Amino acid sequence: CGHLHGYSSEEIELVALLVRFHRKKFPRYQNDHLKELSAEMRQKFRVLCVITRISLRLQKCQCVTSQRLEVFPTEEGFEMVLGSLKDHLQGSHGIELTSAIIEEELRPELDHFEEVFQQKMSVSVP
276 CGHLHGYSSE
286 EIELVALLVR
296 FHRKKFPRYQ
306 NDHLKELSAE
316 MRQKFRVLCV
326 ITRISLRLQK
336 CQCVTSQRLE
346 VFPTEEGFEM
356 VLGSLKDHLQ
366 GSHGIELTSA
376 IIEEELRPEL
386 DHFEEVFQQK
396 MSVSVP
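The number in the working numbering is simply the position in the sequence shown, starting from 1, with 275 added.
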(Lines of atoms letter the chains of each structure in order from A; the text may use other names.)
(Lines give C-alpha, C1' and ligand atoms only; values in the text may rest on other atoms or scores of the structure.)
Protein backbone atom coordinates (compact mmCIF):
# COMPACT_ATOMS: atom_id res chain seq x y z
CA CYS A 276 0.00 0.00 0.00
CA GLY A 277 3.06 2.27 0.00
CA HIS A 278 2.23 3.51 -3.49
CA LEU A 279 -1.14 4.96 -2.39
CA HIS A 280 0.12 7.81 -0.24
CA GLY A 281 -2.56 10.01 1.23
CA TYR A 282 -5.21 7.28 1.41
CA SER A 283 -6.27 5.61 4.62
CA SER A 284 -6.32 1.81 4.81
CA GLU A 285 -10.14 1.98 4.78
CA GLU A 286 -10.10 4.07 1.58
CA ILE A 287 -7.70 1.60 -0.05
CA GLU A 288 -10.03 -1.24 0.93
CA LEU A 289 -12.96 0.72 -0.54
CA VAL A 290 -11.17 1.04 -3.90
CA ALA A 291 -10.27 -2.66 -3.85
CA LEU A 292 -13.91 -3.59 -3.20
CA LEU A 293 -15.09 -1.33 -6.03
CA VAL A 294 -12.72 -3.11 -8.38
CA ARG A 295 -13.93 -6.48 -7.11
CA PHE A 296 -17.69 -5.77 -7.34
CA HIS A 297 -18.00 -3.45 -10.32
CA ARG A 298 -19.18 -6.40 -12.45
CA LYS A 299 -19.92 -9.23 -10.04
CA LYS A 300 -23.14 -9.77 -8.13
CA PHE A 301 -24.11 -6.55 -6.35
CA PRO A 302 -23.10 -6.93 -2.69
CA ARG A 303 -25.73 -6.66 0.00
CA TYR A 304 -25.15 -4.31 2.93
CA GLN A 305 -24.25 -7.20 5.24
CA ASN A 306 -21.83 -8.85 2.77
CA ASP A 307 -18.83 -10.50 4.45
CA HIS A 308 -16.43 -8.43 2.33
CA LEU A 309 -17.98 -5.21 3.67
CA LYS A 310 -18.03 -6.13 7.37
CA GLU A 311 -14.61 -4.62 8.07
CA LEU A 312 -15.69 -1.21 6.74
CA SER A 313 -17.37 1.32 8.97
CA ALA A 314 -21.10 1.89 8.35
CA GLU A 315 -20.24 5.21 6.66
CA MET A 316 -17.71 3.56 4.32
CA ARG A 317 -20.15 0.70 3.54
CA GLN A 318 -22.71 3.26 2.42
CA LYS A 319 -20.11 5.18 0.39
CA PHE A 320 -19.07 1.91 -1.22
CA ARG A 321 -22.65 1.03 -2.20
CA VAL A 322 -23.23 4.51 -3.67
CA LEU A 323 -19.99 4.43 -5.68
CA CYS A 324 -20.60 0.83 -6.74
CA VAL A 325 -24.10 1.50 -8.11
CA ILE A 326 -22.91 4.60 -10.02
CA THR A 327 -19.97 2.66 -11.46
CA ARG A 328 -22.21 -0.23 -12.48
CA ILE A 329 -24.72 2.06 -14.24
CA SER A 330 -21.82 3.72 -16.09
CA LEU A 331 -20.43 0.37 -17.19
CA ARG A 332 -23.85 -0.84 -18.34
CA LEU A 333 -24.31 2.34 -20.40
CA GLN A 334 -20.88 1.82 -21.93
CA LYS A 335 -21.72 -1.82 -22.69
CA CYS A 336 -24.87 -0.92 -24.60
CA GLN A 337 -22.84 1.78 -26.41
CA CYS A 338 -25.69 4.24 -26.39
CA VAL A 339 -24.35 7.43 -24.88
CA THR A 340 -21.35 9.70 -24.94
CA SER A 341 -20.17 10.80 -21.53
CA GLN A 342 -20.57 14.51 -22.28
CA ARG A 343 -24.33 14.23 -22.74
CA LEU A 344 -25.68 12.46 -19.68
CA GLU A 345 -27.61 14.47 -17.11
CA VAL A 346 -29.53 13.44 -14.00
CA PHE A 347 -32.42 15.48 -12.65
CA PRO A 348 -34.56 15.09 -9.52
CA THR A 349 -38.23 14.29 -10.16
CA GLU A 350 -41.26 13.71 -7.96
CA GLU A 351 -40.73 9.95 -8.34
CA GLY A 352 -36.95 10.02 -7.76
CA PHE A 353 -34.49 10.83 -10.54
CA GLU A 354 -34.46 10.97 -14.33
CA MET A 355 -31.34 10.18 -16.35
CA VAL A 356 -31.45 12.05 -19.67
CA LEU A 357 -29.27 10.66 -22.43
CA GLY A 358 -28.73 13.62 -24.71
CA SER A 359 -26.42 12.25 -27.39
CA LEU A 360 -27.07 8.76 -28.66
CA LYS A 361 -24.61 7.19 -31.07
CA ASP A 362 -25.49 6.09 -34.60
CA HIS A 363 -28.82 7.92 -34.67
CA LEU A 364 -30.46 5.80 -31.99
CA GLN A 365 -28.98 2.54 -33.26
CA GLY A 366 -27.61 0.08 -30.73
CA SER A 367 -24.72 -2.27 -31.27
CA HIS A 368 -27.09 -4.86 -32.80
CA GLY A 369 -28.81 -2.42 -35.18
CA ILE A 370 -31.88 -2.13 -32.94
CA GLU A 371 -33.40 1.32 -32.57
CA LEU A 372 -32.74 2.43 -29.02
CA THR A 373 -35.65 3.93 -27.13
CA SER A 374 -35.95 5.01 -23.53
CA ALA A 375 -37.77 1.75 -22.76
CA ILE A 376 -35.07 -0.43 -24.36
CA ILE A 377 -32.26 1.42 -22.61
CA GLU A 378 -34.10 1.31 -19.28
CA GLU A 379 -34.62 -2.44 -19.73
CA GLU A 380 -30.89 -2.89 -20.44
CA LEU A 381 -30.12 -0.93 -17.26
CA ARG A 382 -32.87 -2.58 -15.16
CA PRO A 383 -30.64 -4.63 -12.82
CA GLU A 384 -28.52 -1.58 -12.01
CA LEU A 385 -31.55 0.72 -11.70
CA ASP A 386 -32.99 -1.74 -9.17
CA HIS A 387 -29.72 -1.53 -7.21
CA PHE A 388 -29.92 2.28 -7.45
CA GLU A 389 -33.40 2.16 -5.91
CA GLU A 390 -32.18 -0.16 -3.15
CA VAL A 391 -29.24 2.11 -2.27
CA PHE A 392 -30.89 5.53 -2.66
CA GLN A 393 -34.48 4.56 -1.81
CA GLN A 394 -35.45 6.47 -4.98
CA LYS A 395 -36.39 5.35 -8.48
CA MET A 396 -34.33 6.25 -11.53
CA SER A 397 -35.98 6.52 -14.94
CA VAL A 398 -34.26 6.94 -18.32
CA SER A 399 -35.30 9.28 -21.11
CA VAL A 400 -34.06 10.07 -24.58
CA PRO A 401 -35.19 13.50 -25.79
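Built from N, CA and C at the ideal position, the CB exists for glycine as well. Keep in mind it's a predicted model, so treat the numbers as computed, not measured.
In three-state terms, what does DSSP make of residue i?
| i | result |
| --- | --- |
| PHE301 | coil |
| SER374 | helix |
| LEU279 | coil |
| LYS319 | helix |
| PRO383 | helix |
| GLU311 | coil |
Per DSSP, residue i is paired with what?
| i | result |
| --- | --- |
| LEU357 | LEU344 |
| LYS395 | GLY352 |
Around the Cβ of residue i, are there at least 16 other Cβ atoms within 10 angstroms (buried) or fewer (exposed)?
| i | result |
| --- | --- |
| LEU289 | buried |
| ASP362 | Confidence at ASP362 is low in this model, with a pLDDT of 45, below 50, so its placement is unreliable and the value that follows should be read with caution. When all chains shown are included, ASP362 counts as exposed. |
| ARG343 | exposed |
| GLU298 | The question names Glu, but residue 298 in the sequence shown is Arg. Exposed, since its Cβ has fewer than 16 Cβ neighbours within 10 Å. |
| ARG317 | buried |
| ARG321 | buried |
| VAL346 | exposed |
| ILE287 | exposed |
| GLU285 | exposed |
| LEU333 | buried |
Within 8 angstroms: the Cβ of residue i and any heavy atom of the ligand NAP?
| i | result |
| --- | --- |
| PHE296 | The ligand NAP is not part of this structure, which contains no ligands at all. |
Measuring CB atoms only, is the region 288 to 302 touching the region 324 to 339, in the sense that at least three cross pairs come out at less than 8 angstroms?
Counting Cβ pairs under 8 angstroms, three or more are found: they touch.
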